[in-house]
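Residue numbers (this note's numbering), protein chains in the order written: chain F, 1 to 349; chain W, 1001 to 1349. In this text, a Cβ means the ideal position worked out from N, Cα and C, and glycines have one as well.
Number of protein chains: 2
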Amino acid sequence: MVIKKKRNVVTLKDIAKEVGVDKSTVSRALNSGTQDLLTPEVVAKIQDAATRMGYRKNQLARSLRTHRTMIVGIVLPDITNTLFAPIVRGAESVLEPLGYTSMIVNTDDDSERRNYLIGVLLERGVDGIIDAAPQISASPFKTIEEHGIPLVTAIRKTDHTSIPAVINDDEEGIRLLIQYLYARGHRKIAHIAGPLALSTGNLRLNAFKHHMIHIGLDIPEKAIAYANRFDEDEGSRCALDLLVSGLDCSAVICANDRLALGAIKALHQSGVTCPEHISVTGFNDLPFLNLIPPGLTTIRIQQFDVGRLSAELLTRMMTTQDATIPRTSILPVELVERGSVSKPWTNSF
Amino acid sequence: MVIKKKRNVVTLKDIAKEVGVDKSTVSRALNSGTQDLLTPEVVAKIQDAATRMGYRKNQLARSLRTHRTMIVGIVLPDITNTLFAPIVRGAESVLEPLGYTSMIVNTDDDSERRNYLIGVLLERGVDGIIDAAPQISASPFKTIEEHGIPLVTAIRKTDHTSIPAVINDDEEGIRLLIQYLYARGHRKIAHIAGPLALSTGNLRLNAFKHHMIHIGLDIPEKAIAYANRFDEDEGSRCALDLLVSGLDCSAVICANDRLALGAIKALHQSGVTCPEHISVTGFNDLPFLNLIPPGLTTIRIQQFDVGRLSAELLTRMMTTQDATIPRTSILPVELVERGSVSKPWTNSF
DNA sequence: TTTTATTATGCAATCGTTTGCACAATATAG
DNA sequence: CTATATTGTGCAAACGATTGCATAATAAAA
């Protein structure tokens, strides 16, 4: 393959020739850490020439030499999902001021793709990885550890206790919902669980079981439906499953908002309206939810802060051998009261 | 600064030593373009050793040598805006299979930040740039052209006719809306215009003026309000401005959906409800819009395809000196009929 | 067989930086 | 006024890959 030399790329060598010094001197003059080794006048002359000649440093060459790319990989299920995009902004709010650039990949929650894409990130020499897409038993951490690349998981956690995770208080969220429904008279509560391969689905289901019992309520076997994905269609399907199986309940706790939206729609089409006949709750508090009737009562999580905190931990891991990185950081959640919960209907469905 | 050598990084040299050949031979064996220069057995032996030793190519070193990073920069106003995220997926649907990785930056529609971030991308040696965040008179194209880096703008265009742009048919969208409103009896139509520094705001305003006249309608001076940003708050503010200025109209064409949502809300709070008292239209067809009452009648654009086509053009520019790249590609739009438009109210506001 | 063409591999330069080391030149101490 | 410490630069070797060129080994042709 023919190597096509880019036009007009000015290098350290060019500046060196222009000013009449060695390129190492130019390098030192242009790096804030080393420029005080030099005579101020020389530094000035070099910096002047650099801007005049339109020099732009070649990060590739620099990274090759220093073994640091100043790139962090961000692994997402899907950038178009409004749940994940704010994580990126939160992470970048920390990373950009420090000079890091992020490289975002989308796994579509396919673990094959995730492995492949993490490989891509490693080939590109990322200094660290924020993984918002791990399955609860995610694989290639060993590989990553061999490479010595720090990793934190964001919004989801894994089985591997050695991997720092920043998550929301899934358990507390579910507890708040159960308590809230209970206080309004609901005694028969169903659950549409999320994918159990994800910690979010898993933790929320466990919390549901735990706190139902704890508050003194039964969980009939058929009171739980299992979604394969966190989307509207699965919410609809699960809601219909609950209907068909003849369960009578007055409220459904859905493992996230999208499941809830799907459930409400399907129930509505079956003549069971929310909140008149049944109460429904969500989780996450997606944007625009407040505009969609009947207004989903849900748990607000802090996506931006999950990203921010993940990045803060990661930078500590990348720059120090600080052994005090917390293994799990749990961010507080908050119940958002809207219109999708009412007193139980006398004839529950 | 101390250079910390990464653990266990196996290089071509290591494989070469292991197999007993030169590293150049290893390189050739591992690149599909050159491996037929070699004896099949040697290739096999090398590839075997490579996988056995867990070799992962160092893209940095490769890029430094070949002057190609296989990275494309994607410049967005804001990744959390549901309008832009699909563009990324569209672009990646083309780029990823070709081996490109994308590097996404967020400008927040701040042109200072845009310049800075394009600089970051150039330092990192991107092979091309998809810019979804240019102002209509965007600056550093000269810089980019000096660097010989291909660039296309997506969803927005610039004044620079030499820059290929992939956009939606803004003019046709506005025409469809005016026609649609006219057919339902509306004769007094206002416009909430988007930022005029963006081609979308600009083109839609011009189209509004043009097609109103063309269909035979007047545009009173005060029938146009100007938003400074494409968001709900500005939509509210502009709607109230129209109200206060005493304009009487039966419909408002908003330059995008978010302006429309803000306008509907503000009008509602002032006792002017949509669609009973006034009809409102949007532009873009954001997700979840169908769930928000009264259901915004709007123009559906093809964000994914904008990204896809942009990437297709860009790859042609990156790999060939094809002179036949179209300067402007305009994708078709479609009117989506929902509930926010009705027959004009006898007492327009 | 000898000569020529072909093929498979190795050698070494290169990409643009950074940085340990050597060495002048100057400043400080004795 | 010598001896030592300090300071500012240059030299050259990396970093890990790719690739033009040379050359040894083999195959084809004469």
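query                                                                                                                                                                                                : result
Thinking Pro275/F and Val341/F are a contact (beta carbons under 8 Å), I'd like their distance in whole angstroms, please.                                                                           : 6 Å
Hey, Ala1091/W and Arg1308/W are a contact pair by Cβ (cut 8 Å); roughly how many whole angstroms apart?                                                                                             : 7 Å
What three-state label does DSSP hand Arg1300/W in the structure shown?                                                                                                                              : strand
Helix, strand or coil: which one does DSSP assign to Gly235/F?                                                                                                                                       : helix
On the DSSP letters alone, give me the boundaries of the beta strand (DSSP E) that Met1103/W sits inside.                                                                                            : 1101 to 1106
Using the beta-carbon of each residue, which ones in chain F are nearer than 7 Å to Val1088/W?                                                                                                       : Ile79
Residue ranges of each alpha helix (DSSP H) run of no fewer than 4 residues wholly in the region 11 to 73 of chain F, ordered along the chain?                                                       : 12 to 19, 23 to 30, 40 to 53, 59 to 66
Would you please state the rounded distance, in angstroms, between the beta carbons of Leu243/F and Ser270/F? I believe it to be under 8 Å.                                                          : 6 Å
Does the region 1101 to 1108 of chain W come close enough to the region 1065 to 1078 of chain W to have 3 or more Cβ pairs within less than 8 Å?                                                     : yes
Kindly identify the DSSP beta-bridge partner or partners of Ala1255/W.                                                                                                                               : Per DSSP, none; premise fails for Ala1255/W.
Against Gln59/F, what residues of chain W qualify as contacts under a CB-to-CB distance less than 8 Å, listed in chain order?                                                                        : Glu1123, Arg1124, Gly1125
Assuming Asp1170/W is part of the alpha helix (DSSP H), what are its boundary residues?                                                                                                              : 1170 to 1183
Short of 6 Å in beta carbon distance, which residues of its chain neighbour Leu1012/W, apart from the five on each side in sequence? Order them along the chain.                                     : Lys1023, Val1026, Ser1027
I want to verify the contact list: residues of chain F whose CB lies under 9 Å from the CB of Val1072/W, in sequence order.                                                                          : Those do not exist, as Val1072/W stays about 12 Å from chain F at its closest Cβ, beyond 9 Å.
Given 8 Å as the limit, is there contact between the region 1183 to 1199 of chain W and the region 1224 to 1241 of chain W, that is, 3 or more CB pairs closer than that?                            : yes
Looking at C-alpha atoms only, which residue of Ile1015/W, Arg1124/W, Val1088/W is the closest neighbour of Gln1059/W?                                                                               : Arg1124/W
Between the region 287 to 301 of chain F and the region 114 to 129 of chain F, are three or more C-beta pairs nearer than 8 Å?                                                                       : no
Any contact between the region 1241 to 1255 of chain W and the region 1158 to 1168 of chain W? By contact I mean 3 or more CB pairs, one from each, below 8 Å.                                       : no
Going by the CB atoms, is the gap between Val1072/W and Tyr1100/W shorter than 8 Å?                                                                                                                  : yes
Could you list which residues in chain F have their beta carbon closer than 8 Å to that of Thr1069/W, in chain order?                                                                                : Leu60
Excluding the 5 residues preceding and the 5 following Ile1149/W in the sequence, name in chain order all residues of the same chain whose CB lies nearer than 8 Å to its CB.                        : Leu1122, Val1126, Asp1127, Gly1128, Ile1129
Is it the case that the region 1178 to 1188 of chain W contacts the region 1197 to 1204 of chain W, given that we only count it when at least three CB pairs across the two stretches are under 8 Å? : no
Go ahead and label Leu95/F buried or exposed: buried means 16 or more other beta carbons lie within 10 angstroms of its beta carbon, across all protein chains shown.                                : buried
Per DSSP, which residues does Gly1128/W bridge with? Please list them.                                                                                                                               : Val1072/W
For Leu314/F, which residues in the same chain have their Cβ closer than 7 Å to its Cβ, ignoring the five residues on either side in sequence?                                                       : Val72, Gly128, Ile130, Pro150, Val152
Which residues in chain F sit within 8 Å of Thr1011/W, going by Cβ to Cβ distance?                                                                                                                   : The premise fails here: Thr1011/W is roughly 12 Å from chain F at the closest Cβ pair, so nothing lies under 8 Å.
Tell me, please, whether the CB atom of Ala1154/W is closer than 8 Å to any CB atom in chain F?                                                                                                      : no
Which chain W residues sit within Cβ distance under 9 Å of Val94/F?                                                                                                                                  : None at all; the shortest Cβ gap to chain W is about 14 Å.
Please determine, among Gln1302/W, Pro1326/W, Arg1338/W, Leu1247/W, the residue with the shortest C-alpha to C-alpha distance to Phe1084/W.                                                          : Gln1302/W
Leaving aside the five residues before and after Leu1037/W along the sequence, list all residues of the same chain whose C-beta is less than 8 Å from its C-beta, in chain order.                    : Arg1028
Thinking C-alpha only, which one of His1067/W, Lys1057/W, Ala1138/W is nearest Arg1114/W?                                                                                                            : Ala1138/W
Using a beta-carbon distance cut-off of less than 7 Å, what residues from the region 291 to 307 of chain F approach chain W?                                                                         : Leu291, Ile292, Pro293
Closest Cβ-Cβ distance between Leu1208/W and chain F: below 8 Å?                                                                                                                                     : A quick correction: the sequence has Phe, not Leu, at residue 1208/W. Taking Cβ atoms only, chain F never reaches closer than 8 Å to Phe1208/W, which makes this a no.
Would you identify the three-state DSSP class for Glu1334/W, choosing helix, strand or coil?                                                                                                         : strand
Are any of the Cβ atoms in chain F nearer than 8 Å to that of Val1043/W?                                                                                                                             : no
Label Ala1016/W either buried or exposed according to how many other C-beta atoms from any shown protein chain fall within 10 Å of its C-beta, with 16 as the threshold for buried.                  : buried
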